[in-house]
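Step one of this worksheet: look at the structure below.
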Amino acid sequence: MIKANIERIFKEIPGYVKVVAATKQRSPEQILEAINAGIRIVGENYVREAEKKIEIIGRKVYWHLIGHLQKNKVKKAIKIFDLIQTLDSIELAVLLDKECRRMNKTIFAMVEVNIAKEPQKTGVLPEDLIEFVKKVSQLENIKLVGLMTMGPYLDNLEDLRPYFREAKTLFERIKELWKDTLDWKYLSMGMSSSYKIAIEEGANMVRLGTVIFGPR
Ligand SMILES: *Cc1c(COP(=O)(O)O)cnc(C)c1O
């Protein structure tokens, strides 16, 4: 079933769109099945959970952190993840940079934007985004490569379009502003229910759980 789901998804989306398999609560066996079907990026929400799975599966795929990163997990996160999609505060960025320097590493990261300004959600507010990128781009051990957003939960999926559109506008603005210094390339938005709309509105990376693995 996992294999058939992935093949169907690959057929229906454009080739430039990167699929991140969102694998929270999925077993290593399920994840390996997805990898065998062509998944190259695995997104985990928790450092501990990812650590256990990476021990079993290894580094034959890229591991992305797609959940909020707690400050006390920063060192571990640097060791195990290839990319942090959820950079959401200056304090976290400064800490990441500092620990990376200590470990003589650079880490790829994306800025999480709280596009609907939901108070219960993490993420940089849209109006603070440019200033945020300005600051983080000066940190030598973090390489910013794009923008990630969750989008609000809405009954009518069509109502998501304006939020995705705004994220795309911000993404393009940053790309233009830092065209000489940043390799700014990924716009990660859209989940199982919303990835088609997200791609139509400009996403080039989607994070899919349920449509690949079935209900959690
Ligand atoms: C779980 C999760 C997803 C995927 O959700 P589905 O609805 O199962 O596709 C995407 N992004 C993040 C950050 C998640 O935690």
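For the record, in the sequence shown the residue sitting at position 102 is 182 according to my numbering, with numbers rising by one throughout.
Cβ atoms here follow ideal geometry from the backbone N, Cα and C, with glycine treated the same way.
Quick caveat, the model's predicted, so the values are computed rather than measured.
Screening all residues for a C-beta within a distance smaller than 7 Å of any heavy atom in ligand 1 leaves Ala-102, Lys-104, Gly-123, Asn-125, Ile-146, Gly-147, Met-230, Met-271, Ser-272, Ser-273, Arg-287, Leu-288, Gly-289, Thr-290, Val-291 and Arg-296, in chain order. By the Cβ neighbour-count rule, Glu-124 is buried, with 16 or more other Cβ atoms within 10 Å of its own. Going by C-alpha positions, Pro-94 is about 24 Å away from Val-191. Burial is judged here by how many other beta carbons sit within 10 angstroms of a residue's own beta carbon; Thr-103 has at least 16 and is buried.
As computed with DSSP, Leu-267 is found in a beta bridge with Leu-227. In the structure shown, Val-154 falls within a helical segment according to DSSP collapsed to helix, strand and coil. Apart from the 5 residues on each side of it in sequence, Arg-241 sits with its Cβ closer than 7 Å to the Cβ of Ile-277 and Glu-281 in its chain, given in chain order. Cα atoms of Met-183 and Ile-82: separation of roughly 37 Å, rounded to the nearest angstrom. When rounded, the separation of the alpha-carbon atoms in Ile-292 and Gly-118 is 12 Å.
Secondary structure in the stretch 89-171: the alpha helix (DSSP H) runs of 4 residues or longer, each lying completely within the stretch, are 108-116, 127-137 and 154-160 in chain order. Residue range 187-192 is occupied by the beta strand (DSSP E) that includes Ile-187.
Within the DSSP secondary-structure output, Val-204 pairs in a beta bridge with Val-193.
The beta carbon of Tyr-142 sits closer than 8 Å to those of Arg-120, Ile-121, Val-122, Asp-162 and Leu-163, all from its chain and outside the five residues before and after it, given in chain order. For Arg-287, the beta-bridge partners assigned by DSSP are Val-100. By the Cβ neighbour-count rule, Ile-254 is buried, with 16 or more other Cβ atoms within 10 Å of its own.
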